[in-house]
């Protein structure tokens, strides 16, 4: 592992698809001192956490048929096959990843030198930096109180298994909420609650599947329903929900799928210009700070496919880093 005192060529913040693609493209053009820093316990943790087991992952997503431009690509498959592909790239290119490490600040201390500091005040130095952290920093939490005594009964993702045969209230109306319902219904009692009148945020496939599940009485759907209060019954079932229409219902677990916070505050903290919700970058995704780049969903409007994330890594390396900032061997034959 690289020493913290060593000056690296490139530090990549985030070891998801965009971060891994950026690292692979860097290695392929001869950039050797590359380190990925990942907040989660392992690489691609956002896929592991947000995608239900067995979920299909296709190159064509929401009508976007994107061609792979670089060396990192996937074929149509599942959550598990994508994670395996990422494992293979990491092994083949001997990528070094520091996990369980959240970057707190990035400071340019000289024209070609950055200091990266994590929450534990550990520091790394690099000539260039790529931020590839995705658009959801932390899952959103509701604006009403959640009793601390219900910590084991309240969930914000499916990174761990909810006990089978339990009654789960899923709150949300987007694709994630509907996919959670599809995954859980076979061995849980599932109720899906959404404040809207229909699932306009979800794609047609998920809407159709959930409608069929409701028709077959395999899940319950509560539309135009909003939670007012969550109470600990200290009994079984453990949770009592008071809805805003004054209805009271009981559940074993609550699973929230109500989106996540954007990393806008972090980007502004490190000096990236953000207009509206979009950071300002060059065609090579370089920010206004020379040598500091963005990759992945941060520069694809937050709705890019995994292949789009891969492609941003190639653009950052070929059109950015290798154009005078780092020594590269370009063109590199595929």
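Residue numbers (my numbering): 51 to 384. Built from N, CA and C at the ideal position, the CB exists for glycine as well.
- Between the alpha carbons of residue 86 and residue 339 lies a gap of roughly 20 Å.
- Taking a C-beta distance under 8 Å as the contact criterion, residue 221 and residue 289 do not qualify as a contact pair.
- When DSSP states are grouped into helix, strand and coil, residue 326 belongs to the coil group.
- Listed as beta-bridge partners of residue 270 by DSSP are 241.
- Each residue's CA atom was taken as its position, placing residue 103 and residue 227 some 14 Å apart.
- A distance of 8 Å or more separates the beta carbons of residue 185 and residue 328.
- Approximately 6 Å separates the beta-carbon atoms of residue 310 and residue 190; this is inside 8 Å, confirming the contact.
- In the DSSP assignment, residue 249 falls outside any alpha helix (DSSP H) and carries neither an H nor an E.
- Between the region 87-103 and the region 142-151, the count of C-beta pairs closer than 8 Å reaches three or more; the two stretches touch.
- Here residue 285 is not near residue 218, since their CB atoms are 8 Å or more apart.
- Rounded to the nearest angstrom, the gap between the Cα atoms of residue 170 and residue 63 is 16 Å.
- Assigned with DSSP and collapsed to three states, residue 85 falls in strand.
- In the displayed model, residue 283 falls within coil according to three-state DSSP, outside both helix and strand.
- Under the 8 Å Cβ criterion, the region 225-240 does not count as touching the region 311-331, having fewer than three qualifying pairs.
- Our two residues, residue 208 and residue 334, have alpha carbons roughly 35 Å apart in a direct line.
- Bridge partners of residue 165 according to DSSP: 157, 175.
- Partner residues in the beta bridge of residue 305, as assigned by DSSP, are 205, 220.
- Residue 233: member of the alpha helix (DSSP H) spanning 225-234, first to last residue.
- Note: residue 189 is bridge-paired with 310 in the DSSP secondary-structure output.
- Contact between residue 277 and residue 196 does not hold, since their C-beta atoms are separated by about 10 Å, which reaches or exceeds 8 Å.
- Note that the C-beta distance between residue 367 and residue 94 is not below 8 Å.
- Residue state for residue 299 is assigned as strand, using DSSP reduced to three classes.
- By the beta-carbon neighbour count (other beta carbons within 10 angstroms, threshold 16), residue 194 is exposed.
- Taken through DSSP and simplified to helix, strand or coil, residue 137 comes out as helix.
- Contact between residue 306 and residue 192 holds: CB atoms are separated by about 7 Å, below the 8 Å threshold.
- Taking the C-beta atoms as reference points, residue 123 is found no nearer than 8 Å to residue 293.
- Distance from the CA atom of residue 252 to the CA atom of residue 260, rounded to whole angstroms, is 10 Å.
- Boundaries of the beta strand (DSSP E) around residue 343: 342-344.
- The closest CA to that of residue 175, considering only 375, 56, 300, 343, is found on 56.
- Assignment of residue 317 by DSSP, reduced to helix, strand and coil, places it in the helix class.
- By alpha-carbon distance to residue 216, the top candidate from 223, 225, 204, 224 is 204.
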